[in-house]
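All residue numbers for the sequence shown refer to our numbering, where the first residue is 635 and numbers rise by one.
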Amino acid sequence: MRKLLMQISKFLIISGTGWLIDFLIYLLLAIKLNFYVGYSNFISGIPALTFVFMVSTRKIFECNTDGLSLKRKYIIYFLYQMILIIIISLFGQILYSIISISSFNKIVIIKEYSKIITKLIITPITMVLNFCVMKILSEKY
């Protein structure tokens, strides 16, 4: 149990750094360049997921050296992430649309920061899923 808690806390730090990479690129695309939320989320996730994978497999999880190579694990993780990012980006776009037409949008701060609020809502979902997939992929295969 202690090992799992240590892995979770380390993953939160590494994943948090990845999230900052993701979030800064997302802000640039969604806010400064006015891209769609879904496109911004998809594009910003790619460098972040690569960073998290590379650091996590070296610093957090015990890699099963008898199983798949690190390159194959990355390809699997990348494909999983592409599917997740597409689903989460579509969900984020729908959520943003709902926020935009809801009565909450009359609140100035929500209207002004609705793209950021959307990103903050979808982040915990992806972090939990990513930890589980990374742990299984690294240690079991």
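Cβ atoms here follow ideal geometry from the backbone N, Cα and C, with glycine treated the same way.
Quantities reported herein were computed from a predicted structural model and do not represent experimental measurements.
Same chain, Cβ closer than 7 angstroms to residue i, neighbours up to 5 away in sequence not counted
{"i": "S703", "result": "none"}
{"i": "I655", "result": "P681, A682, F685"}
Selection from the options that minimises the alpha carbon distance to residue i
{"i": "I755", "options": "C697, I770, K774, Y730", "result": "Y730"}
{"i": "K705", "options": "T760, F687, V742, I720", "result": "F687"}
{"i": "G726", "options": "Y673, K666, K774, I659", "result": "Y673"}
{"i": "V762", "options": "T752, L718, F738, S737", "result": "L718"}
{"i": "I680", "options": "I750, W653, K693, E696", "result": "W653"}
{"i": "T760", "options": "I721, N739, F738, Y775", "result": "I721"}
{"i": "I665", "options": "K753, Q715, M635", "result": "K753"}
{"i": "K670", "options": "V689, C766, K749", "result": "It should be pointed out that residue 670 corresponds to Tyr in this sequence rather than to Lys. Comparing Cα-Cα distances from Y670 to each of V689, C766, K749, the minimum goes to K749."}
{"i": "R692", "options": "L638, M635, K644, I741", "result": "K644"}
{"i": "F657", "options": "L639, S737, T757, V689", "result": "T757"}
{"i": "I709", "options": "M768, E746, I659", "result": "M768"}
{"i": "I648", "options": "E696, M635, S690, F738", "result": "S690"}
{"i": "F712", "options": "S736, N764, L638, I751", "result": "N764"}
Anticipated Cβ contact below 8 angstroms, residue i with residue j, distance rounded
{"i": "I744", "j": "I733", "result": "7 angstroms"}
{"i": "L771", "j": "K707", "result": "5 angstroms"}
{"i": "I694", "j": "Q641", "result": "5 angstroms"}
{"i": "N698", "j": "K774", "result": "6 angstroms"}
Chain C within 7 angstroms of residue i, Cβ atoms only
{"i": "Q641", "result": "Chain labels in this structure do not include chain C; a single protein chain is all it has."}
Beta-carbon proximity list for residue i, same chain, < 6 angstroms, skipping 5 on both sides
{"i": "Q715", "result": "L683"}
{"i": "I659", "result": "S678"}
Same chain, Cβ closer than 8 angstroms to residue i, five either side skipped, listed in chain order
{"i": "N739", "result": "I733, K745, S748"}
TODO: Could I get the ranges of all uninterrupted alpha helix (DSSP H) runs contained in the region 699–760, with 4 residues as the minimum, in chain order?
DONE: 704–735, 742–746
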